[in-house]
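The block underneath contains the structure these notes are about, expressed in structure tokens.
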Amino acid sequence: MAHQTLDRRIVKTRAALQRALIQLAVERGYDEVTVQDVADRADVSRSSFYAHYADKDDLLAASISNLKQGMVHRWRESLTAGAERGSLAFAGPLLRHIDEGRPIWHALTRGRSAAVLDREFRKMVAELAVADLRLGGRPEVVREAACASVVGSFMAVVGAWMDGRIEADAAEMERLYLGLVLPGLAAIAAEPGSGGPTPGKPRPTRETQR
2 MAHQTLDRRI VKTRAALQRA LIQLAVERGY DEVTVQDVAD RADVSRSSFY AHYADKDDLL
62 AASISNLKQG MVHRWRESLT AGAERGSLAF AGPLLRHIDE GRPIWHALTR GRSAAVLDRE
122 FRKMVAELAV ADLRLGGRPE VVREAACASV VGSFMAVVGA WMDGRIEADA AEMERLYLGL
182 VLPGLAAIAA EPGSGGPTPG KPRPTRETQR
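Positions 2 to 211 (this note's numbering) are the ones given, in order, by the sequence shown.
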């Protein structure tokens, strides 16, 4: 029981620190936020902060890692609901999450946090893509190229969307993104020795189901 109580306290403290960092980054800009600011907002001591994280970049990376866990859960739910592996079913929920958190995205794509956000988001999308794609029978160079295409396209499209160069809602962005990447993945998977079925067609979005 004592161990469970300690675990709950750790989870609660980390969640408070992550919320505090995001709130302050939106309010002031990431570069202007100090570890002491985060500790004060989370109502914990500075030493408590360092008991969990090395610095605020480490805290930001942990926040994105938690987002990845949520996206993995949603992706698995989509498979249970009938989505095909290879359809990049994680894209829709992730795009909606980004759309709902535009102020956060804008705050974190400026200054030092931009490099952390880009690195951790690319890592997250890559892990989701590897879990979803069925290219196990293909040479490593093909698997790496396919994953790089999925990740690079996602980051480029999201960047243009958040910058205002593309005006669309999340459902439209999902159709656009999947329309760009799935044909290429299907061509690779259809080649002899692909080791798996052709990636599915873009699944219907909420808008197309109306």
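Yeah, the Cβ is synthetic: ideal placement off N, Cα and C, and Gly gets one too.
Treat the numbers as computed from the prediction; the structure is a model and nothing was measured.
Next item on the list: Taking 8 Å as the threshold, find out whether the stretch 99-110 comes into contact with the stretch 163-175 through three or more Cβ pairs.
Entry: yes
Notebook entry, point to check: Is there contact between the stretch 13-28 and the stretch 48-66, where contact requires at least three CB pairs shorter than 8 Å?
Noted result: yes
Margin query: If the criterion is Cβ atoms closer than 8 Å, does the pair L179 and L89 meet it?
Written below: yes
Margin query: Can you confirm whether the stretch 148-161 touches the stretch 114-127 when touching is taken to mean that 3 or more C-beta pairs between the two stretches lie within less than 8 Å?
Written below: yes
Next item on the list: Label E145 either buried or exposed according to how many other C-beta atoms from any shown protein chain fall within 10 Å of its C-beta, with 16 as the threshold for buried.
Entry: exposed
Notebook entry, point to check: Taking the C-alpha atoms as reference points, what is the distance between W162 and G93?
Noted result: 14 Å
Check: What do you get for G165, buried or exposed, if any count of 16 or more other CB atoms within 10 angstroms of its CB means buried?
Finding: exposed
Next item on the list: State buried or exposed for A26, treating a residue as buried only when at least 16 other CB atoms are found within 10 Å of its CB.
Entry: buried
Next item on the list: Starting from the Cα of F155, find the closest Cα among V142, R113, E175 and give me that residue.
Entry: E175
Next item on the list: Label Y31 either buried or exposed according to how many other C-beta atoms from any shown protein chain fall within 10 Å of its C-beta, with 16 as the threshold for buried.
Entry: buried
Check: Can the beta-carbon of L1 be found less than 8 Å from the beta-carbon of G71?
Finding: For the chain, the structure presents residues 2 to 211; residue 1 sits outside this window and is missing.
Next item on the list: Would you tell me roughly how many angstroms separate the C-alpha atoms of P203 and D133, rounded to the nearest one?
Entry: The pLDDT assigned to P203 is 49, lower than 50, so where the model puts this residue is not dependable; a value taken from the coordinates is nonetheless given after this. Their backbone Cα atoms lie some 14 Å apart in a straight line.
Next item on the list: Report, in whole angstroms, the separation of the C-beta atoms of R75 and F50, which I expect to be a contact under 8 Å.
Entry: Actually they are not in contact, since the Cβ atoms of R75 and F50 sit about 30 Å apart, beyond 8 Å.
Note to self: Given this structure, state the Cα-to-Cα distance separating L68 from A16, to the nearest angstrom.
What the structure shows: 12 Å
Margin query: How far does the alpha helix (DSSP H) with G160 in it extend, from its first residue to its last?
Written below: 141-163
Check: Taking the C-alpha atoms as reference points, what is the distance between P198 and S46?
Finding: With a pLDDT of only 44 at P198, under the threshold of 50, the placement of this residue in the model should not be trusted, and no figure is reported.
Notebook entry, point to check: S46 lies in the alpha helix (DSSP H); which residues open and close that run?
Noted result: Here S46 belongs to no alpha helix (DSSP H), and DSSP marks it neither H nor E.
Next item on the list: Given a cut-off of 8 Å, decide if D56 and V36 are closer than it, judged by their beta-carbon atoms.
Entry: yes
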